[in-house]
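What follows is one structure encoded as structure tokens, with my remarks underneath.
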Amino acid sequence: MTNTSPRPSIDRDAIIRILSSNTPDAIEAVRRQAEQILLTHCGNKVYYRGLVEFSNQCACNCLYCGIRAENTSVRRYAMNEAEIIEAAQWCAQAGYGSIVLQSGERKDEPFVAFVENVVRRIKRETVSTDLPQGLGITLCVGEQTEATYRRFREAGAHRYLLRIETTNPALFARIHPAGQTLASRMQALEHLHTAGFQVGTGVMIGLPGQTLDMLADDVVFFHRFDIDMIGMGPYIPHAATPMAGWPNPDWPPARAFQTALLMVAAVRISLKDVNIAATTALQAMDPVGREKGLQFGANVIMPQLTPTEHRGDYLLYENKPCIDEDKSECRRCLERRIQSVGRTLAINEWGDSRHFARRTAEA
Ligand code: SAM
């Protein structure tokens, strides 16, 4: 990513020190520093993005993912246009301000045209006095061509999440089939930038063979690519995937979880004004995992809006939380969680990344 504006350099050694914290006092000191930087650079608010996992049909075969194409034990589904619009209207009426449309990865024209059309309709049909520009829309539908990204952007989506998963070339190659490359993932992130999106990425933490050095390199990459939004969580094995049986002696679940929180803090401390999500994978490992994510520097939360009948079929990993809870319960439960950590819930706000505003102003 070419950005000519002067930006503070990033201290890789400091990131390693943060990630190596292993006493309660050291971890608390990191947490407090991250919280302070969050409050200074982003404020006290937590922004909602209602999450609709609208299809688990996927052409990819990521070795870690429960909805990979070759997992024939998954019941495949795709929500229709009316169902997605209904979820979007609920999201707007609930005051969430933004929606995330996520699915497995398909590149075929009927899929691309479907997403484009749904985005256009959501923009048109969620305008109100509370939301004069309609819902903010984030897409998370995988690697697409630059032309497709431009179509999605023109339809009205303005944020896009595409995790790099790991920036270590050998590790990336080990956890993906030969046809899915780190180079093409990086190229897709470049294309998202040129298409004008606020760009989100992230990594999984605790992958077999992953080291703290590799994670520090990931944070340096977020900085170098001028990323606006980050979503990270612990890697959680899924029994019906090739990686389920891989030995992973360095990453007992408790360490993966703790390191995921330290990664949230490391990103907040070094990148300062990006948006960071407290992800569902954190909650899968600890009943208060998302609250802890907020306390370590996250400022975005993604309440579940996927209809309950489909949630059990969108299992990327085991123990995924909120499978049965309906969306109204989910809303109340999250409100309590946000207030419990002393933060304020933003209502009817898009909550765009301040980093994006700064980098576009400087460009
Ligand atoms: N297909 C789109 C894509 O690839 O960006 C969006 C859906 S994809 C399933 C969303 C994210 O789920 C992935 O980027 C990956 O980081 C995460 N994920 C998949 N399997 C996981 C696992 N076993 N543990 C933790 N996270 C996982």
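Numbering follows my numbering, with no gaps: position 288 of the sequence shown is 346. Backbone N, C-alpha and C fix where the C-beta goes; we use that ideal spot for every residue, glycine too. The structure presented is a predicted model; accordingly, all values stated were derived computationally and were not measured.
The continuous alpha helix (DSSP H) containing Y207 extends over residues E204 to A213.
As summarised for the stretch 132 to 185, the continuous beta strand (DSSP E) elements at least 3 residues long and confined to that stretch are 156 to 161, given in chain order. C-alpha of I74 to C-alpha of A84: approximately 13 Å in a straight line. Assignment of V88 by DSSP, reduced to helix, strand and coil, places it in the helix class. Under DSSP, K103 takes part in a beta bridge, and its partners are T402.
For the set L121, T206 and A117, the Cα lying nearest the Cα of W304 is the one of L121. With respect to the 8 Å criterion, V177 and A215 are classified as neighbours on the basis of their beta carbons. Cα atoms of A324 and D166: separation of roughly 38 Å, rounded to the nearest angstrom.
Distances from the alpha-carbon of W148 to those of R416, D384 and G400 put D384 closest. V322 places its beta carbon less than 8 Å from that of M290. Ranked by Cα distance from L159, the options A335, L363 and D371 are led by L363. In the three-state reduction of the DSSP assignment, A336 falls in the strand class. Proximity of the beta carbon of H296 to the ligand SAM is indicated: a heavy atom of the ligand is located closer than 7 Å.
If only uninterrupted beta strand (DSSP E) runs of at least 3 residues are considered, those enclosed by the stretch 263 to 307 are 287 to 292. Here the alpha carbon of M262 sits roughly 25 Å from the alpha carbon of V399. A heavy atom of the ligand SAM is found nearer than 7 Å to the CB of Y375. For S113, the three-state secondary structure derived from DSSP is strand. DSSP, reduced to helix, strand and coil, places R412 within a helical segment of the structure shown. For G194, the enclosing beta strand (DSSP E) starts and ends at G194 to C198. For V346, the secondary structure class from DSSP, reduced to helix, strand or coil, is coil. Nearest C-alpha to A342 among R126, A205, L374 and G153: L374.
With a beta-carbon spacing of about 12 Å, A339 and A356 fall beyond the 8 Å limit used to define contacts.
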